[in-house]
Amino acid sequence: MTPEPSPAPLPRLATPADLNAVLALFDRSQRWLSEIGVPGQWGTEPFSDSVDAHTRFLSWIENGNFYVVDSDREPIGTLALSHTVPEYAREGCAERPGPALYLEALTTDPSLRGQGLGRSLLAWAEQESARQGAGWLRLDCWAGNARLRRYYRKAGFEEFGRCRLGNWEGALFERKIKAEA
371 MTPEPSPAPL
381 PRLATPADLN
391 AVLALFDRSQ
401 RWLSEIGVPG
411 QWGTEPFSDS
421 VDAHTRFLSW
431 IENGNFYVVD
441 SDREPIGTLA
451 LSHTVPEYAR
461 EGCAERPGPA
471 LYLEALTTDP
481 SLRGQGLGRS
491 LLAWAEQESA
501 RQGAGWLRLD
511 CWAGNARLRR
521 YYRKAGFEEF
531 GRCRLGNWEG
541 ALFERKIKAE
551 A
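Position 173, counted from 1, in the sequence shown is what the working numbering calls 543; the numbers after and before it change by one each time, with no gaps.
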């Protein structure tokens, strides 16, 4: 008899004490993206060296919008979930139905790719959206990342538009959330 797989760990709210470990996780993810030919997703400057990244992540944490999944007390996955649409995506989302939650900063440890952690984080974000009464879950990724765009479509998201941040062009996605029973 094959044992049941253990359930994916649940996200917890991050604290300021998590910041350096979270930035290190993003540095690893960023290196992996560059290695597979997708440097445009997050650029090439390490998150741990970026004052903007420190500020953005700390703001998410302090506002109670940033979640971490741990293994052996180290972050292996993250996401930010908020009712606030990022400024660069506001124009693209302006005519979309609401209410919605916006998902950002979704990553998993590169050594765990293909083990379903990303899917479980998306499923958790959908459940949290339903719990908070949001009818939609929205997110974006670099428009040049065809692999990630396919991943989101396979996960049930529909691509509905584009957004810009300087020279970076993003693809906008959304998924209708079923109300909690």
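A virtual CB, placed ideally from N, CA and C, is assigned to each residue, including glycine. Here the structure is a predicted model, which is why all the values come from computation and not from measurement.
Can you list, in chain order, the residues of its chain whose CB lies under 7 Å from that of residue i, leaving out five sequence neighbours each side?
i, result
"Thr385", "Ile431"
"Ala525", "Arg489, Leu492"
"Asn435", "Ala450, Leu451, Ser452"
"Ala549", "Ala500"
Give a yes or no on whether the C-beta atoms belonging to residue i and residue j are separated by under 9 Å.
i, j, result
"Ala504", "Ile547", "yes"
"Pro480", "Tyr437", "no"
"Leu451", "Ala387", "no"
"Ser404", "Thr477", "no"
"Gly407", "Cys463", "no"
"Pro469", "Trp412", "no"
"Asp397", "Pro416", "yes"
"Leu428", "Leu389", "yes"
"Gly484", "Asp510", "no"
"Arg519", "Glu529", "yes"
"Leu393", "Gly447", "no"
In chain order, what residues of the same chain have a beta carbon less than 6 Å from the beta carbon of residue i, not counting five sequence neighbours either side?
i, result
"Gly410", "Trp512, Gly514"
"Tyr472", "Ser452, Val455, Arg508"
"Glu474", "Ala450"
What are the boundary residues of the beta strand (DSSP E) that includes residue i?
i, result
"Tyr522", "Premise fails: Tyr522 lies in the alpha helix (DSSP H), 516 to 524, not in any beta strand (DSSP E)."
"Leu535", "528 to 535"
"Asp510", "506 to 512"
"Leu542", "538 to 546"
Could you round the C-beta distance between residue i and residue j to whole angstroms and report it? I think they count as a contact, below 8 Å.
i, j, result
"Leu535", "Arg508", "The pair is not a contact, with the Cβ atoms about 16 Å apart (cut-off 8 Å)."
"Leu395", "Pro445", "5 Å"
"Arg466", "Glu544", "7 Å"
Note down, in chain order, each residue of its chain lying with its Cβ closer than 8 Å to the Cβ of residue i, except the 5 sequence neighbours on either side.
i, result
"Ala551", "The pLDDT assigned to Ala551 is 49, lower than 50, so where the model puts this residue is not dependable; a value taken from the coordinates is nonetheless given after this. Within the same chain, Ala551 has no close Cβ partners at all."
"Tyr522", "Leu509, Cys511, Glu529, Phe543"
"Thr414", "Gln400, Ser404"
"Glu498", "Leu451, Leu471"
Measure from the C-beta of residue i to each C-beta in chain B and report whether the shortest distance is under 9 Å.
i, result
"Cys533", "Included in the structure is just one protein chain, with no chain B present."
Ordered list of alpha helix (DSSP H) runs contained in the region 401 to 473, each at least 4 residues = 421 to 432, 460 to 463
Complete alpha helix (DSSP H) runs within the region 475 to 503 (minimum length 4 residues, chain order) = 487 to 501
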